[in-house]
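For reference, the structure discussed in these notes is given below.
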Amino acid sequence: MNAYSGSPEPPERANLRGFPKKAVPHGTLFRIHEPKWHPAYFGSKGDKRFDPPWGFRTEYGTCYVAENQEGAFLETFGRSGQFVARHLVDEHVISELNTASPLLSADLNAPKAIQFQVAADLSGGADYTRPQQWGKLLRDNGYKAVRYSASHDPSHAEICFALFANPPGEHHEVIDYVRSLSPPPASMPISQQLQDQIQTRWGITVLDADRLPD
Numbered sequence: 024m025n026a027y028s029g030s031p032e033p034p035e036r037a038n039l040r041g042f043p044k045k046a047v048p049h050g051t052l053f054r055i056h057e058p059k060w061h062p063a064y065f066g067s068k069g070d071k072r073f074d075p076p077w078g079f080r081t082e083y084g085t086c087y088v089a090e091n092q093e094g095a096f097l098e099t100f101g102r103s104g105q106f107v108a109r110h111l112v113d114e115h116v117i118s119e120l121n122t123a124s125p126l127l128s129a130d131l132n133a134p135k136a137i138q139f140q141v142a143a144d145l146s147g148g149a150d151y152t153r154p155q156q157w158g159k160l161l162r163d164n165g166y167k168a169v170r171y172s173a174s175h176d177p178s179h180a181e182i183c184f185a186l187f188a189n190p191p192g193e194h195h196e197v198i199d200y201v202r203s204l205s206p207p208p209a210s211m212p213i214s215q216q217l218q219d220q221i222q223t224r225w226g227i228t229v230l231d232a233d234r235l236p237d
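Just so you know, we're using our numbering here: the sequence shown kicks off at 24 and counts up by one.
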């Protein structure tokens with residue numbers, strides 16, 4: 024049996040006609056982010072899963088949202104494992120968003136995505152090289168977003184979207200900013216209720232730094 028190697032490098036200018044697609048929900052979506060960034064900010068630093076690959080970082084940006092608050096939490100803090108430092112959570116806010124117009128996403132969770140040699144590493148692998156290459160290819164083929172499972176959710180139940188817009192920066196024509204979950208300009212900390220839900224379902228606990236295990 025051949026060793027598993029994950030998704031292949033996508034061919035340049037590949038025709039992805041027939042790739043599974045799904046509409047981005049027009050209802051409420053959630054994003055957890057640092058307060059210095061506007062909720063409608065599309066970044067391109069290359070340090071996130073579907074950011075533009077090297078050489079294209081001035082061309083477009085990516086904004087990451089989730090269908091549920093839990094998915095936004097996992098996508099932001101899940102890499103920390105069983106314990107998350109409270110100061111990291113306190114340094115972020117949660118925002119509630121709508122898409123400003125209908126958007127069509129490439130659905131990496133669809134069973135028929137395997138016809139294009141897509142594997143689960145695009146959603147959950149530690150190396151972002153392939154996801155960024157595939158994200159660019161999907162965008163080049165007309166998709167406005169990528170639909171995928173929150174990378175640190177073993178159940179694959181929490182759904183996230185990587186939205187594309189060009190150039191990098193704020194794009195209010197893509198995201199209709201509803202509200203940061205507090206009266207602006209102040210930002211409400213991520214609620215204790217959400218932290219409790221995360222602890223109950225996934226066993227992830229937010230702790231003060233002096234209580235974190237060595």
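By construction, the Cβ of each residue, glycine as well, lies at the ideal position given by its N, Cα and C atoms.
Every value quoted in this text rests on a predicted model; they were computed, and no experiment measured them.
{"Asked": "Quick one: what's got a C-beta closer than 7 Å to L127's C-beta in the same chain, skipping five residues either side?", "Found": "K44, A46, Y166, K167"}
{"Asked": "Where E93 and E181 are concerned, what is the direct C-alpha to C-alpha distance, given to the nearest angstrom?", "Found": "7 Å"}
{"Asked": "Is the separation between the beta-carbon of N189 and that of Y83 shorter than 8 Å?", "Found": "yes"}
{"Asked": "With 16 as the cutoff for other CB atoms within 10 Å, does K68 come out buried or exposed?", "Found": "exposed"}
{"Asked": "In angstroms with no decimal places, state the Cα-to-Cα distance between G192 and G66.", "Found": "6 Å"}
{"Asked": "Please report how far the alpha carbon of E90 lies from the alpha carbon of A129, in whole angstroms.", "Found": "16 Å"}
{"Asked": "Which value, in whole angstroms, describes the spacing of the CA atoms of L52 and L120?", "Found": "5 Å"}
{"Asked": "List, from N- to C-terminal side, the alpha helix (DSSP H) runs of 4 residues or more that fit wholly inside the region 63 to 112.", "Found": "92 to 100"}
{"Asked": "Once you ignore the five residues that flank N164 on each side, which residues in its own chain have a CB closer than 6 Å to its CB?", "Found": "L39"}
{"Asked": "Shortest alpha-carbon distance to D70 belongs to which of A95, G50, C86, K59?", "Found": "C86"}
{"Asked": "Going by the beta-carbon positions, is the gap between F184 and V169 smaller than 8 Å?", "Found": "yes"}
{"Asked": "For my contact list, Q138 and P76 are in at a C-beta cut-off of 8 Å; report their separation, rounded to the angstrom.", "Found": "At roughly 23 Å, the Cβ-Cβ gap does not stay under 8 Å, so Q138 and P76 are not in contact."}
{"Asked": "Roughly how many whole angstroms lie between the Cα atoms of R153 and F42?", "Found": "17 Å"}
{"Asked": "Taking 8 Å as the cut-off, decide whether the C-beta atoms of L230 and A108 are in contact.", "Found": "yes"}
{"Asked": "With respect to the beta strand (DSSP E) encompassing K159, which residues constitute its N-terminal and C-terminal limits?", "Found": "From DSSP, K159 is part of no beta strand (DSSP E) but of the alpha helix (DSSP H) over 152 to 163."}
{"Asked": "Between which two residues does the alpha helix (DSSP H) holding L39 run?", "Found": "Taken as a continuous stretch (DSSP letters only), L39 belongs to no alpha helix (DSSP H), as it is neither H nor E."}
{"Asked": "What is the DSSP secondary structure of L120, reduced to helix, strand or coil?", "Found": "strand"}
{"Asked": "What residues are listed by DSSP as bridge partners for Y171?", "Found": "C183"}
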